[in-house]
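Those sequence lines, one after another, are chains Z and R. The numbering of the first sequence is my numbering, which starts it at 1 and goes up by one. The numbering of the second sequence is my numbering, which starts it at 1 and goes up by one. Glycine residues also receive a C-beta, built at the ideal position from the N, C-alpha and C atoms. What you are looking at is a predicted structure, and each value in this text was computed from that prediction instead of being measured. This report refers to the structure that appears directly beneath it.
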Amino acid sequence: MTTSIPKPRIHHPSLERNSIGLTRRDYEGSMSTLCAGCGHDSVTAAIIRAFWELSIPPHRVAKLSGIGCSSKTPTYFLREAHGFNSVHGRMPSIATGAGAANRDLIMIGISGDGDSLSIGLGQFCHAMRRGVRMLYVLENNGVYGLTKGQFSASADVGTKAKRGEVNRNEPIDPVLLALSLGATFVARSFSGDREQLVPILKAGLAHRGFAFIDVISPCVTFNDHEGSTKSYRFTRDHMREVIAADFTDGAVRDGGLDGAGNGHAIHADPGDETPAESPDLVPIRTEITAAYAPGSVHEIRMHDGSTVRLRKIDENFESTDRDAVYAYVRERQRAGEIPTGLLYMEPEALDMHAMEGTVARPLVDLAFESLCPGAGKLDALMEEFR
Amino acid sequence: MRPTDVTDPAYYHRVVDCQWACPAHTNVPEYIRQIAQGLFTEAYLTNRESNVFPGILGRTCDRPCEPACRRTRIDEKPVAICRLKRVAADHRDDVTGMLPTAPAVKNGKRIACVGAGPASLALANDLVPIGYDVTIFEKLPRPGGLMRTNIPSFRLPASVLDEEIDYILGMGVDLRCNTPVDSMESLLREGYDAIFVGSGAPRGKDLDIPGRHDSDRILIGIDFLESVHFGHITEIESRVLIIGVGNTAMDCCRTVKRIGATDVKVMARRGRQHFKASPWELEDAEEELVEIVENHSPKRFVIEDGILTGMEFDVVEWYDDNGRQKSRTLETVTIPCDAVILAIGQDNAFPWIERDIGIEFGDWDMPVVDRTTFQCTLPGVFFGGDSAWGPDNIIWAVEHAHQAAISIHLHCAGASLTDRPPQGMNLLSEKMGLHQWSYSNAYSHAVRAKMVHVDLEQRFRDLGVEVELGFDPAQTAAEVQRCLNCDVQTHFTAELCIECDACIDICPVDCLTITHAGNEAELRGRLTAPTIHPEQPLYVSAGLPQTARVMVKDEDVCVHCGLCAERCPTAAWDMRRFELLQPYAGKPAGSSKYPPLPLLR
Numbered sequence: 001m002t003t004s005i006p007k008p009r010i011h012h013p014s015l016e017r018n019s020i021g022l023t024r025r026d027y028e029g030s031m032s033t034l035c036a037g038c039g040h041d042s043v044t045a046a047i048i049r050a051f052w053e054l055s056i057p058p059h060r061v062a063k064l065s066g067i068g069c070s071s072k073t074p075t076y077f078l079r080e081a082h083g084f085n086s087v088h089g090r091m092p093s094i095a096t097g098a099g100a101a102n103r104d105l106i107m108i109g110i111s112g113d114g115d116s117l118s119i120g121l122g123q124f125c126h127a128m129r130r131g132v133r134m135l136y137v138l139e140n141n142g143v144y145g146l147t148k149g150q151f152s153a154s155a156d157v158g159t160k161a162k163r164g165e166v167n168r169n170e171p172i173d174p175v176l177l178a179l180s181l182g183a184t185f186v187a188r189s190f191s192g193d194r195e196q197l198v199p200i201l202k203a204g205l206a207h208r209g210f211a212f213i214d215v216i217s218p219c220v221t222f223n224d225h226e227g228s229t230k231s232y233r234f235t236r237d238h239m240r241e242v243i244a245a246d247f248t249d250g251a252v253r254d255g256g257l258d259g260a261g262n263g264h265a266i267h268a269d270p271g272d273e274t275p276a277e278s279p280d281l282v283p284i285r286t287e288i289t290a291a292y293a294p295g296s297v298h299e300i301r302m303h304d305g306s307t308v309r310l311r312k313i314d315e316n317f318e319s320t321d322r323d324a325v326y327a328y329v330r331e332r333q334r335a336g337e338i339p340t341g342l343l344y345m346e347p348e349a350l351d352m353h354a355m356e357g358t359v360a361r362p363l364v365d366l367a368f369e370s371l372c373p374g375a376g377k378l379d380a381l382m383e384e385f386r
Numbered sequence: 001m002r003p004t005d006v007t008d009p010a011y012y013h014r015v016v017d018c019q020w021a022c023p024a025h026t027n028v029p030e031y032i033r034q035i036a037q038g039l040f041t042e043a044y045l046t047n048r049e050s051n052v053f054p055g056i057l058g059r060t061c062d063r064p065c066e067p068a069c070r071r072t073r074i075d076e077k078p079v080a081i082c083r084l085k086r087v088a089a090d091h092r093d094d095v096t097g098m099l100p101t102a103p104a105v106k107n108g109k110r111i112a113c114v115g116a117g118p119a120s121l122a123l124a125n126d127l128v129p130i131g132y133d134v135t136i137f138e139k140l141p142r143p144g145g146l147m148r149t150n151i152p153s154f155r156l157p158a159s160v161l162d163e164e165i166d167y168i169l170g171m172g173v174d175l176r177c178n179t180p181v182d183s184m185e186s187l188l189r190e191g192y193d194a195i196f197v198g199s200g201a202p203r204g205k206d207l208d209i210p211g212r213h214d215s216d217r218i219l220i221g222i223d224f225l226e227s228v229h230f231g232h233i234t235e236i237e238s239r240v241l242i243i244g245v246g247n248t249a250m251d252c253c254r255t256v257k258r259i260g261a262t263d264v265k266v267m268a269r270r271g272r273q274h275f276k277a278s279p280w281e282l283e284d285a286e287e288e289l290v291e292i293v294e295n296h297s298p299k300r301f302v303i304e305d306g307i308l309t310g311m312e313f314d315v316v317e318w319y320d321d322n323g324r325q326k327s328r329t330l331e332t333v334t335i336p337c338d339a340v341i342l343a344i345g346q347d348n349a350f351p352w353i354e355r356d357i358g359i360e361f362g363d364w365d366m367p368v369v370d371r372t373t374f375q376c377t378l379p380g381v382f383f384g385g386d387s388a389w390g391p392d393n394i395i396w397a398v399e400h401a402h403q404a405a406i407s408i409h410l411h412c413a414g415a416s417l418t419d420r421p422p423q424g425m426n427l428l429s430e431k432m433g434l435h436q437w438s439y440s441n442a443y444s445h446a447v448r449a450k451m452v453h454v455d456l457e458q459r460f461r462d463l464g465v466e467v468e469l470g471f472d473p474a475q476t477a478a479e480v481q482r483c484l485n486c487d488v489q490t491h492f493t494a495e496l497c498i499e500c501d502a503c504i505d506i507c508p509v510d511c512l513t514i515t516h517a518g519n520e521a522e523l524r525g526r527l528t529a530p531t532i533h534p535e536q537p538l539y540v541s542a543g544l545p546q547t548a549r550v551m552v553k554d555e556d557v558c559v560h561c562g563l564c565a566e567r568c569p570t571a572a573w574d575m576r577r578f579e580l581l582q583p584y585a586g587k588p589a590g591s592s593k594y595p596p597l598p599l600l601r
């Protein structure tokens with residue numbers, strides 16, 4: 001036998017069910033074929049937990065990815081969700097199209113440092129600019145694993161490859177990139193720290209806009225040695241959680257997903273219909289209160305009624321504005337630290353649907369006459385341009 | 001909690017629930033794997049090493065292993081361990097050349113055994129091969145004790161019994177049948193180096209209620225079975241009541257059905273949940289249309305003109321009185337019958353042991369016997385089997401004999417009986433390749449195979465027709481795969497762990513946790529999945545290299561699928577086959593009991 005046995009379909013007798021009656025096992029996919037010990041498998045497990053805890057029906061989810069080790073992982077979670085494995089680096093375009101066509105889909109994009117920071121860098125940047133409503137997880141290990149471990153664009157200066165060569169090229173830091181390009185939810189975490197990662201994933205799923213999480217996810221085969229700056233040990237020794245996020249699922253607290261299990265708590269928010277938060281109006285922005293003491297808790301209410309509680313750990317960290325966060329991350333990185341946590345969030349920012357004024361319902365739900373108004377309407381439109 | 005010491009054989013032994021529960025600690029997973037490979041002879045010998053009578057026990061064992069089986073804790077029935085034992089016995093080749101033999105030069109020590117039941121025979125099995133002269137005194141014409149006289153041949157064919165007894169007698173045991181021992185004092189005078197009492201619990205309990213002595217149609221269960229066995233009773237009346245609901249009662253009710261009774265009732269004082277009979281023996285009796293009547297307390301025998309015509313019972317209901325079960329009578333009924341068999345338990349009887357020769361007797365007129373050494377208060381005299389502490393099962397008698405044999409060997413060497421040889425263990429990696437193990441690690445969802453029985457009409461034709469047919473090849477093939485191979489241990493090396501969580505994520509039953517150290521009660525509150533059976537051990541590693549946290553494993557529902565080890569990048573987890581090495585008399589743990597087998601075919 002050269003392949004692994006499938007994970008037995010048995011479970012611990014106490015395995016819990018969420019509010020839509022599913023167990024964590026129901027959110028799994030097929031067996032991973034990544035190297036044993038890959039950080040990506042831990043991220044997959046964290047994603048499974050986040051979706052399960054949010055009681056999201058798998059069929060309402062679209063999993064999108066490009067090419068690479070990371071991009072294989074959507075196969076390993078939510079076997080009943082929709083999925084699209086796109087061309088290398090082109091996942092953001094597919095996500096933009098899918099989101100435009102069906103805004104009720106809960107979109108999760110999985111990418112890697114090769115897919116997002118090299119071949120797909122442009123695509124990645126524009127998805128952020130546009131504010132595509134999705135959770136974008138970048139599994140960052142600093143090497144091209146599928147092509148046997150060359151340095152990727154996120155490899156730090158001075159990091160050593162497994163065979164000894166040292167990287168001289170400046171890295172592209174996806175967190176700094178996201179901050180500078182206007183992403184409205186920016187976080188960094190570590191595959192080996194599930195307590196931190198799961199609440200951030202949940203907050204990212206509840207965020208109405210482009211939620212970006214850079215997850216340091218060590219490559220056990222090509223980048224987990226001494227001299228690597230993306231190894232399990234290096235990351236553990238250098239990461240500093242500067243702000244802790246807790247996520248409370250408002251939908252669950254308020255009595256579950258609209259009672260009927262239709263699961264409109266996430267993204268398919270009533271905000272699109274209610275005048276107060278109508279895309280036409282400038283949303284009332286909840287200002288993140290300026291200075292709160294280390295250890296104090298700041299609550300941010302999300303569109304779907306859930307709450308993100310931020311607890312400041314480093315008193316020098318100011319998550320209030322983009323520039324301060326940018327400067328802080330730069331400075332700590334220069335000091336040899338890896339700052340982690342939900343670094344920046346703008347819950348009331350405009351997303352693609354608001355900015356483009358897209359129709360409030362998924363195209364599939366529109367009547368044929370609305371989608372295709374007929375030759376008469378086309379002629380009238382053409383007449384306007386004459 | 002301190003890091004678990006897995007170099008103590010007891011830790012991994014406990015994980016092999018069946019082997020831990022078996023009094024003789026038979027290596028169950030090993031013989032099931034051997035059966036899976038068609039190595040029936042090897043499977044038989046694996047059994048025989050510890051339990052001595054695989055063919056007999058494969059039909060009659062009380063199976064303490066099965067309720068312990070791990071499969072019962074993941075929502076299913078246990079592996080049919082006992083039935084598989086019979087498969088090994090039924091399909092083995094001739095093993096006579098592979099059994100231990102007596103050495104050419106004896107050690108000059110002479111041992112006397114009283115009673116030729118399982119205890120004395122198992123004792124001889126251990127002592128003869130290391131040079132002892134063993135003499136067994138038996139009051140009946142044939143050896144076997146209760147295995148022969150109390151277990152009907154439709155459950156245990158005489159040929160199976162004879163064959164396994166002959167293996168032992170063939171080593172050169174001096175068996176003296178029709179030779180009851182009437183006096184311990186005179187036996188002591190014969191100068192044996194040690195005496196082993198394995199005379200069982202030969203006296204059936206009586207029921208002294210009105211009418212008991214007014215009819216000859218009121219029989220004692222074990223005496224009745226013995227009489228049937230020796231052909232002294234060949235028929236019985238049509239209406240028979242059996243009093244008592246233990247396994248002897250089951251044997252009695254099924255026996256009378258075969259010698260003429262048509263209306264058979266088993267009368268129980270209490271409700272079904274309190275029955276002493278094994279569930280499968282109850283099922284087998286009911287399949288043979290025996291009626292089991294609950295909550296009937298015997299009151300008197302009804303004798304008319306000197307003839308037994310029925311029996312009077314109080315119909316009772318039970319209620320709880322401050323934690324004690326008490327009964328109240330609802331009504332009194334008379335149930336007509338032509339014969340009654342009393343099967344309400346057995347007593348020990350030692351009328352032949354003088355009370356002034358240094359053998360102390362304690363409560364219930366039972367000899368005072370040390371629980372570890374099996375020696376009574378007179379040095380050099382040992383007890384085992386039912387004669388030590390009252391009725392129990394064959395497998396217990398075998399284990400008593402192993403321990404008594406060790407004591408006798410120490411006694412004859414002048415060594416301390418409490419200085420007992422330790423158990424040992426082997427631990428060998430099962431890794432063959434990236435996803436390959438030298439055991440079948442896939443989880444089988446097969447349901448427990450059901451034993452096929454001879455049809456009712458045919459089985460009543462003759463007392464000797466064995467009811468259970470044994471598993472067929474397809475049943476065997478499926479049943480062996482239900483075994484979870486609990487002896488293939490998840491062995492952890494803390495220094496290698498990089499805390500990638502891969503094992504935790506892949507574990508189908510959530511039995512792994514990486515967390516900060518703590519005491520057991522508090523640690524159990526922080527597990528990935530909550531503790532269900534706190535009596536099941538927790539494995540706790542030493543501190544892990546990167547964060548000083550610890551790896552914790554709740555052994556409870558681990559299915560030994562090996563996926564943690566497959567997903568471990570550093571082989572911190574490995575699947576290692578644990579083999580418990582047991583010491584036997586004159587054989588320290590690890591020395592082979594049997595001559596080496598020919599290479600695998």
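Item	Value
Starting from the Cα of K85 (chain R), find the closest Cα among R:N393, R:V52, R:K106 and R:Q582 and give me that residue.	R:V52
Using a C-beta to C-beta distance shorter than 7 Å, which residues of chain Z count as neighbours of V447 (chain R)?	Chain Z residues near V447 (chain R): none, gap ~13 Å exceeds 7 Å.
Cα separation between A380 (chain Z) and G374 (chain Z)?	10 Å
Spell out whether any CB of chain Z is found under 9 Å from the CB atom of Y443 (chain R).	yes
Check each residue of the region 489-514 of chain R: if its Cβ is closer than 7 Å to any Cβ of chain Z, include it; give the result in chain order.	I498, E499, C500, D501, A502, D505, I506, P508, V509 and D510
Given that I74 (chain R) touches chain Z, what residues does it touch there, using C-beta distances under 9 Å?	I10, H11, H12 and P13
Does the beta carbon of M1 (chain Z) come closer than 9 Å to any beta carbon on chain R?	Model confidence at M1 (chain Z) stands at a pLDDT of 42, short of 50, so the residue's coordinates are unreliable and nothing is read from them.
Let's test the definition: count the other Cβ atoms within 10 Å of the Cβ of V369 (chain R) and tell me whether it reaches 16, buried, or not, exposed.	buried
Under 7 Å Cβ-Cβ, which residues of chain R neighbour G112 (chain Z)?	Simply none; closest approach about 17 Å.
Can the beta-carbon of F212 (chain Z) be found closer than 9 Å to that of D351 (chain Z)?	no
Under 9 Å between C-beta atoms, does P218 (chain Z) make it to chain R?	yes
Leaving out the 5 sequence neighbours to the left and right, which residues in its chain are closer than 8 Å to V364 (chain Z) when beta-carbon positions are compared?	A101 and N102
State the Cα-Cα distance for the pair I359 (chain R) and L378 (chain R), rounded to the nearest angstrom.	5 Å
So which residues on chain Z does A529 (chain R) lean against when the C-beta distance must stay under 8 Å?	H12, S14 and L15
Show which residues of chain R have a CB atom less than 7 Å away from the CB atom of D41 (chain Z).	A502 and D505
Taking only three categories from DSSP, how would you classify T96 (chain R)?	helix
Measure the C-alpha to C-alpha separation of P583 (chain R) and H25 (chain R) and round it to an integer number of angstroms.	11 Å
Tell me which residue opens and which closes the alpha helix (DSSP H) that H296 (chain R) is part of.	Not the alpha helix (DSSP H): H296 (chain R) falls in the beta strand (DSSP E), residues H296 to E304.
Taking the alpha-carbon positions, what's the T96 (chain R) to A80 (chain R) distance?	27 Å
Would you be able to state if there are at least three C-beta pairs under 8 Å between the region 500-514 of chain R and the region 550-557 of chain R?	yes
Can you tell me whether H53 (chain Z) is buried or exposed, with buried defined as 16 or more other CB within 10 angstroms of its CB?	Note on identity: in this sequence residue 53 (chain Z) is Glu, with His being the wrong assignment. That one is buried.
Please tell me whether Y344 (chain Z) has its Cβ less than 9 Å away from any Cβ of chain R.	no
Between the alpha carbons of E259 (chain R) and G414 (chain R), how many angstroms are there, rounded?	It should be noted that the sequence gives Ile, not Glu, for residue 259 (chain R). The alpha-carbon atoms of I259 (chain R) and G414 (chain R) are separated by roughly 54 Å.
Per DSSP, which residues does F275 (chain R) bridge with? Please list them.	Paired residues: none, contrary to the question.
Could you spell out where the beta strand (DSSP E) holding R576 (chain R) opens and where it closes?	W573 to L581
Using a Cβ cut-off of 9 Å, which residues of the region 148-181 of chain Z contact any Cβ in chain R, in chain order?	none
Name the two residues that bound the continuous alpha helix (DSSP H) containing H238 (chain Z).	Y232 to H238
Taking C-beta pairs closer than 9 Å, name the residues in chain Z that Q546 (chain R) reaches, listed in chain order.	G192, Y232, R233, R236 and D237
Using the Cβ count rule (16 or more neighbours within 10 Å means buried), how would you classify L434 (chain R)?	exposed
Along the chain, which unbroken stretches of the alpha helix (DSSP H) at least 4 residues long are found entirely within the region 218-297 of chain R?	221-229, 247-258 and 279-287
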